[in-house]
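Below you'll find the structure, written out as structure tokens, and then a few comments.
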Amino acid sequence: MEVIQKYNEDELVLLLQGQDQKAFAYLYDNYAPALNGIIFRLVEDKALSEDILQEVFVKIWNNFSSYDRTKGRLFTWMMNLTRNLTIDTLRSKGYKKQSKISGDENTVNNLQDANSAIDKFDSMGIRKQLANLKPDQRIVIDLAYFNGLTQEEIAKQIGIPLGTVKTRMRTAILELRKILQYS
Amino acid sequence: METKDIISSGLLEQYAAGLTSEKETVQVAQWVAQYPDVAAELAEITTSIEAYAQAQSIIPAPNVKEKIFARINEANNGKIIQAYSPVSTANTKGMVAPMWRVAAAASVILLVGSIALNVVTYNKYNNTDKELIAARNTLNTFEESNKLMEADMNVVQSRYSVPVALKGLEAAPEANAKIFWMQNTGEVFIDPSNLPEAPAGKRYQLWGIVDGKPVDGGMILTSKQGDRYRIQKMKTFGKAEAFAVTLEDEKGNPTPKGPMFVMGKM
């Protein structure tokens, strides 16, 4: 009989440092969909995003020793690794044509397209709640956390002053907190 | 820089996205270690982003997980298969063997391979198990010391505890000790952390001065005898004018004979 194990983050990290496959399966079950969502948003291709997801998890398994608990949450580390790997893949020769990160003004539009594509998969209530987030707040979060743009780059991208990017990002995260608390 | 300014600088959001420069990363890590407010804010940002990403999950096809596990296991098993390949070439080369001999040879190779794999897997399982046990033990030790610490804190923080400072006397001017006398129960606790180590064969004894006469308050453990310094429960006094600690024989004395180290009045 399969026993469903639950781990807290500390246990999970310890077990993964010891290359425990059960813990790794748990990690996959809990985080693969979210990471896949991040990849899909950048590549807009189901098969390609699953290929990259595969690479991401193999990399997480092989490089787990480089995760430093003191420097942040596990998810933050995985999210950054995922985004960087996706961007590297897109920048590499094979995917140059499909690149959505070329830095032209289409990026924002592409991103909105990606959002509408993702909405087809919507199954959670929180997603509906996220509609309460204003698009201009949402865009700064998406560009920073999923596209990996710095605040300066975002300012250039959407043509607003750096100070505005900072305040908008802050209010967006505060708004997000509120939504998550009440959902 | 004030924490308010750090929080509104926008750097924490950049840091959570892994987009800060090397210099900024060091700076933020320092702030996080130094200011609990900043650490709490960063935790809020990262949990919000995590929940945001989780809310936009796309469930991947079921075979993706299988492929990943096949790949991480392939990386492990590849070595073993390679190690046994010379055996297989030596057996089959230059000899036309009847089918059953080939089959037998193949099954032996498979068996050897499988045993090797079992040994490797078992060792790995054992190691992981050991690490897990070690981790649990560390956790238990921490939990235990945490409990002891909590017991100490309960004494100190109790609304009924009356602290009495015992000051160092001629024998050891640097020494001091603290008494916590519980108004409601008359229980007496002592924190002996700042008493010098008792010499071999000797131990500190607590005295309560009641109506001008010393009354035995019990023997005190210092680190070598007691393993660790802790707030200790002594004998109960209904009332006492003062407390003192003397150095006595190991078993204690009915009346103080040794030098007095610290003393304090209620």
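Taken in sequence, the protein lines are chains A and B. Counted the way my numbering counts, the first sequence spans residues -9 to 173. Counted the way my numbering counts, the second sequence spans residues -19 to 246. Even for Gly, the Cβ is constructed at its ideal location relative to N, Cα and C. Given the structure is predicted, the values throughout are model-derived calculations rather than measurements.
Can the beta-carbon of Phe169/B be found less than 7 Å from the beta-carbon of Ile200/B?
-> No, these two residues do not count as a Cβ contact at 7 Å.
Proximal chain B residues relative to Arg160/A, where beta-carbon distance stays under 8 Å = Correct list: Ser(-12), Gly(-10), Glu(-7).
For Ala145/B, which residues of its own chain have a beta-carbon under 7 Å away from its beta-carbon, when the five flanking residues on both sides are left out?
-> Here the set comprises Asn156, Lys158, Gly244.
Between Val190/B and chain A, is there a C-beta pair that is closer than 7 Å?
-> Taking Cβ atoms only, chain A never reaches closer than 7 Å to Val190/B, which makes this a no.
Met199/B - partner residues in DSSP beta bridges | The partner list for Met199/B (beta bridge, DSSP) reads Gln185/B.
How far does the alpha helix (DSSP H) with Lys104/B in it reach, from first residue to last?
-> From DSSP, the alpha helix (DSSP H) with Lys104/B extends over 79 to 137.
Determine the closest residue to Leu6/A out of Ile148/A, Val48/A, Gln171/A, with distance taken between C-alpha atoms.
-> Selected option, being the one with the closest Cα: Val48/A.
Counted within 10 angstroms of its Cβ, other Cβ atoms place Thr26/B as buried (16 or more) or exposed = Around the beta carbon of Thr26/B, 16 or more other beta carbons sit within 10 angstroms, so the residue counts as buried.
What residues are listed by DSSP as bridge partners for Asn156/B?
-> Looking at the DSSP assignment, Asn156/B forms a beta bridge with Lys147/B.
In the structure shown, what three-state DSSP assignment does Glu167/B receive?
-> Under the three-state reduction of DSSP, Glu167/B is assigned to coil, being neither helix nor strand.
Could you pull out every residue in the same chain whose Cβ sits closer than 6 Å to the Cβ of Asn107/B, ignoring the five residues on either side in sequence?
-> Nothing meets the Cβ criterion.
Strand pairing of Trp161/B, partner residues [DSSP] = Per DSSP, Val142/B, Val168/B.
Does the Cβ-Cβ distance between Ile89/B and Phe30/A come in under 7 Å?
-> With respect to Phe30/A, Ile89/B sits apart: the two C-beta atoms are not nearer than 7 Å.
Ala55/B: buried (16+ other C-beta within 10 angstroms of its C-beta) or exposed?
-> Burial call: exposed.
Would a C-beta distance cut-off of 7 Å place Gln44/A and Ile48/B closer than the cut-off?
-> Pairing Gln44/A with Ile48/B gives a Cβ-Cβ distance under 7 Å.
Looking at C-alpha atoms only, which residue of Glu177/B, Arg183/B, Gln(-6)/B, Lys215/B is the closest neighbour of Ile189/B?
-> Ranked by Cα distance from Ile189/B, the options Glu177/B, Arg183/B, Gln(-6)/B, Lys215/B are led by Lys215/B.
Rounded separation between Asn53/B and Tyr32/B - CA only = Their Cα atoms are separated by approximately 33 Å.
Assign Asp0/A to one of three DSSP states: helix, strand, or coil.
-> The answer is helix: DSSP assigns Asp0/A an H, G or I state.
Taking only beta-carbon positions, decide if Asp229/B is within less than 7 Å of chain A.
-> Chain A, which has no Cβ nearer than 7 Å to the Cβ of Asp229/B, makes this no.
Taking a cut of 7 Å between CB atoms, which residues from the segment 32 to 57 of chain B lie near chain A?
-> So the close ones are Tyr32, Ala33, Gln34, Ala35, Gln36, Ser37, Ile38, Ile39, Pro40, Ala41, Val44, Lys45, Lys47, Ile48, Arg51, Ile52.
According to DSSP, is Met214/B helix, strand or coil?
-> Coil at Met214/B, not helix or strand.
Min CB distance Thr108/B to chain A below 7 Å = Interface residue, yes.
Under 9 Å between beta-carbons, which chain B residues line up against Phe65/A? List them in chain order, please.
-> Ordered by position in chain B, the residues that pass the 9 Å Cβ test against Phe65/A are Thr26, Thr27, Ile29, Glu30, Ala33, Gln34.
Beta-carbon proximity list for Val130/A, same chain, < 7 Å, skipping 5 on both sides | Non-local beta-carbon contacts of Val130/A in its own chain, meaning distances under 7 Å to residues more than five positions away in sequence, involve Ile144, Val155, Arg158, Met159, Ala162 in chain order.
With C-beta atoms as the reference, is Glu30/B less than 7 Å away from Phe65/A?
-> For Glu30/B and Phe65/A, yes; Cβs fall inside 7 Å.
From the beta carbon of Ala(-3)/B, is the nearest beta carbon of chain A less than 7 Å away?
-> With 7 Å as the cut-off, Ala(-3)/B counts as an interface residue toward chain A.
Have a look at Phe223/B, Val135/B, Ser28/B, Gly181/B and flag the residue whose alpha-carbon is nearest the alpha-carbon of Tyr135/A.
-> Nearest C-alpha to Tyr135/A: Ser28/B.
Cβ pair Leu4/A, Ala115/B closer than 7 Å | Less than 7 Å separates the beta-carbon of Leu4/A from that of Ala115/B.
Is Met246/B near Ala224/B, with beta carbons less than 7 Å apart?
-> Pairing Met246/B with Ala224/B gives a Cβ-Cβ distance that is not under 7 Å.
Rounded separation between Met(-9)/A and Lys12/A - CA only = Low confidence applies here, because Met(-9)/A scores a pLDDT of 45, under 50, leaving its location unreliable and the question unanswered by this model.
Sequence-distant residues of the same chain with beta carbon closer than 8 Å to Gly218/B, five excluded per side | Result list for Gly218/B: Gly166, in chain order.
What residue does the alpha helix (DSSP H) around Lys36/A start on, and which one ends it?
-> Looking at the DSSP string, the run of the alpha helix (DSSP H) that includes Lys36/A is 36 to 52.
How would you write the range of the alpha helix (DSSP H) that Met68/A sits in, first residue to last?
-> Note, Met68/A: alpha helix (DSSP H), 64 to 81.
Counting only the same chain and skipping the five closest in sequence on each side, list residues whose C-beta sits under 8 Å from that of Tyr15/B.
-> Excluding residues within five positions, the ones whose Cβ falls inside 8 Å are Thr(-17), Ile(-14).
Cα-Cα separation between Thr118/B and Thr235/B, rounded to whole angstroms = Looking at the two C-alpha atoms, the distance is approximately 44 Å.
Cβ atoms of Glu228/B and Gly238/B: under 7 Å apart, would you say?
-> The answer is yes: Cβ separation under 7 Å.
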